[in-house]
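Chemist: Got a structure for you, written out below as structure tokens; questions coming shortly.
In this note's numbering, the protein residues as written are 1434 to 1633.
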């Protein structure tokens, strides 16, 4: 689990696919390979090119429902990865050369987004948003190269700001403002390099 985003990322490696696939022909796999369990049920379909995963890989549960779709290029995750629970997409992420790169969205069981974030080269980079059951924003943070950088805002249930915090290099640096439900400043604290230096 990513400590900052709260998201469990599900990934498929080339080794996992190859370890559970029986290859009848000698040499590296090439083309589509289908894996079945002892009952004959298909558990995965994988595409190979010159021995490396290349193209779409699909994983299935015991009922035959799709649990994951992921694209590979030259053995590395590349493109969209979708993870399903009970037929509902609960995670959609974009990969590039084996790393998260682009938008990643986590959904609840009803398909509503609960977290949206941007990644670059495997690290949080850009805005990240968290949502409550009703779809209202509960938190927004800014990241740069995997670290908090900029303003983080936590919201009241009605959508009004509750706490605004400024970060630099993953540490509180700047103002932290706590607001009352009617929008008045309740507390003010100034931070430098993660330490409070002034408070009212």
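Even glycine gets a Cβ: it sits at the ideal position worked out from N, Cα and C. Just so we're clear, the structure is a prediction, and the values are computed from it rather than from any experiment.
Can you list, in chain order, the residues of its chain whose CB lies under 7 Å from that of residue 1457, leaving out five sequence neighbours each side?
Modeler: Reliability of the predicted coordinates at residue 1457 is poor, the pLDDT of 43 falling under 50, and the value obtained from them is presented with this limitation in mind. So the list is empty, once near-sequence residues are dropped.
Chemist: Can you tell which of 1509, 1612 and 1543 has the C-alpha that lies nearest to the C-alpha of residue 1523?
Modeler: Measuring from the Cα of residue 1523, the nearest candidate turns out to be 1543.
Chemist: For residue 1477, which residues in the same chain have their Cβ closer than 6 Å to its Cβ, ignoring the five residues on either side in sequence?
Modeler: So the qualifying residues of the chain are 1468 and 1492.
Chemist: Is it buried or exposed for residue 1614, if we count other Cβ within 10 angstroms and need 16 for buried?
Modeler: Exposed, since its Cβ has fewer than 16 Cβ neighbours within 10 Å.
Chemist: List the whole-angstrom C-beta distance separating residue 1500 from residue 1517, where the pair is believed to meet the contact cut-off of C-beta under 8 Å.
Modeler: With 8 Å as the limit, residue 1500 and residue 1517 qualify as a contact, their Cβ atoms being about 5 Å apart.
Chemist: Start and end of the beta strand (DSSP E) containing residue 1468?
Modeler: Looking at the DSSP string, the run of the beta strand (DSSP E) that includes residue 1468 is 1464–1469.
Chemist: Out of 1505, 1474, 1475 and 1471, which one is the CA nearest neighbour of residue 1487?
Modeler: Selected option, being the one with the closest Cα: 1505.
Chemist: Contact defined as beta carbons within less than 8 Å: I believe residue 1600 pairs with residue 1579. What is the distance between those atoms, to the nearest angstrom?
Modeler: That belief does not hold up - the Cβ atoms of residue 1600 and residue 1579 are roughly 12 Å apart, past 8 Å.
Chemist: With DSSP run on the structure shown, which of helix, strand or coil describes residue 1594?
Modeler: Residue state, collapsed to three classes: strand.
Chemist: Does DSSP put residue 1479 in a helix, in a strand, or in coil?
Modeler: Reduced to three states, the DSSP call for residue 1479 is strand.
Chemist: Excluding the 5 residues preceding and the 5 following residue 1438 in the sequence, name in chain order all residues of the same chain whose CB lies nearer than 7 Å to its CB.
Modeler: In this prediction, residue 1438 has a pLDDT of 43, which is less than 50 and means its spatial position is unreliable; nothing more can be read from the coordinates.
Chemist: Let me check understanding here. Comparing Cα to Cα, which of 1577, 1509 and 1592 lies closest to residue 1570?
Modeler: Among 1577, 1509 and 1592, the Cα nearest to that of residue 1570 belongs to 1592.
Chemist: Given residue 1604, which residues of its chain have a CB within under 6 Å of its CB, disregarding the five upstream and five downstream residues?
Modeler: Excluding residues within five positions, the ones whose Cβ falls inside 6 Å are 1626 and 1627.
Chemist: Under a three-way DSSP split, which group does residue 1504 fall into?
Modeler: Strand.
Chemist: Measuring CA to CA, which of 1473, 1502, 1508 and 1489 is closest to residue 1483?
Modeler: Nearest of 1473, 1502, 1508 and 1489 to residue 1483, Cα basis: 1508.
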